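In this note's numbering, the protein residues as written are -12 to 239. A virtual CB, placed ideally from N, CA and C, is assigned to each residue, including glycine. Predicted, not measured: the structure shown is a model, and the values here were computed from it. As structure tokens, the structure follows; a few thoughts come after it.
See below:
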């Protein structure tokens, strides 16, 4: 296999160091979030977010696990975001609106990186739309399974995707599960956007079987088929410079 690598110079990529208490609330955890941005002509941004830590070994209760290599959770998401940025960067078009990225640390031990990130104004300043990307499994379609409330305007942008995939029942099922994602933290802080994840191959989730052998090229492509068109539409359309563009009193 030949791997082609390009290095881009970004002045606006930052490491954000934090200390936070983990799930047991007795020991502090060192965190390092990664934040960056591509500026547009306006002060409006779309935020692409995922975490880069993988699940560690746990014993007892619902979350018992042998740990994971993190190839899908959240390798799918990291790859999707980096590839999206590559395509946008190499298109050499002037951006009407900008892109921010956030790779959080400590998601698997209590959404710690996300909780610390919302304390930093610069990360979310001007963010009008969030795409959070997850993987609760290793295969299958990438399902848009959660949105912010009053989502009519939010879903209008989601319609830009080449291959949209969602069910009306998925948000209700998700609310019954005893876990959250970074998007949970963002919703608590009144941010607007969507959450996307594969759900098949659940038997591999948070296990050593979340490894490259069990990844799906079709799943990887489906993430990109949804995220890239949304980002292209957002950064190229002046209407998304309006900070109120996603305000709505209706759910779709």
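Distance between residue 165 and residue 48 (C-alpha atoms, nearest Å): Because residue 48 sits at a pLDDT of 48, beneath the cut-off of 50, its placement in the model cannot be relied upon, and the following sentence gives the value as read from the coordinates. Looking at the two C-alpha atoms, the distance is approximately 12 Å.
How long is the line joining the alpha carbons of residue 25 and residue 73, rounded to whole angstroms? Straight-line Cα distance between these residues: approximately 11 Å.
Taking just the CA atoms, how far does residue 211 sit from residue 126? Using only the alpha carbons, I get a separation of about 14 Å.
Round the Cβ separation of residue -1 and residue 94 to the nearest angstrom and send it over; I've been treating them as touching at under 8 Å. Actually they are not in contact, since the Cβ atoms of residue -1 and residue 94 sit about 23 Å apart, beyond 8 Å.
For residue 176, which option in 21, 110, 55 and 124 has the closest C-alpha, if you only look at C-alpha atoms? Of 21, 110, 55 and 124, the residue nearest in Cα terms is 110.
Residues in its own chain within less than 7 Å of residue 150 by CB, not counting five upstream and five downstream? Correct list, in chain order: 209, 212 and 213.
Find the nearest neighbour of residue 66 within the set 108, 3 and 120, judged by alpha-carbon distance. Closest option to residue 66, Cα to Cα, is 120.
Can you name the start and end residues of the beta strand (DSSP E) that residue 184 belongs to? Where residue 184 is concerned, the enclosing beta strand (DSSP E) stretches over 180 to 187.
Through-space distance from residue 81 to residue 27, alpha-carbon basis: Those two C-alpha atoms are separated by around 7 Å.
Straight-line CA distance for residue 237 to residue 200? Looking at the two C-alpha atoms, the distance is approximately 43 Å.
For residue 63 and residue 143, I'd like the C-alpha separation in whole angstroms. Distance between the alpha carbons of residue 63 and residue 143 is about 25 Å.
Would you mind reading off the limits of the alpha helix (DSSP H) that contains residue 102? Going by DSSP, residue 102 is part of the alpha helix (DSSP H) stretching over 99 to 104.
Length of the line joining the Cα atoms of residue 83 and residue 113: Between the C-alpha atoms of residue 83 and residue 113 there is a straight-line separation of about 13 Å.
Bridge-paired residues (DSSP) for residue 116: In the DSSP output, where bridge partners are listed per residue, residue 116 has 33.
Below 8 Å between beta carbons: does that hold for residue 172 and residue 61? No. Outside cutoff.
Looking at residue 68: is its Cβ nearer than 8 Å to the Cβ of residue 131? No, Cβ-Cβ distance for residue 68 and residue 131 is not below 8 Å.
Report all residues from its chain with a CB closer than 8 Å to the CB of residue 6; omit the five preceding and five following residues, and keep chain order. These residues qualify, in order along the chain: 15, 16, 17 and 18.
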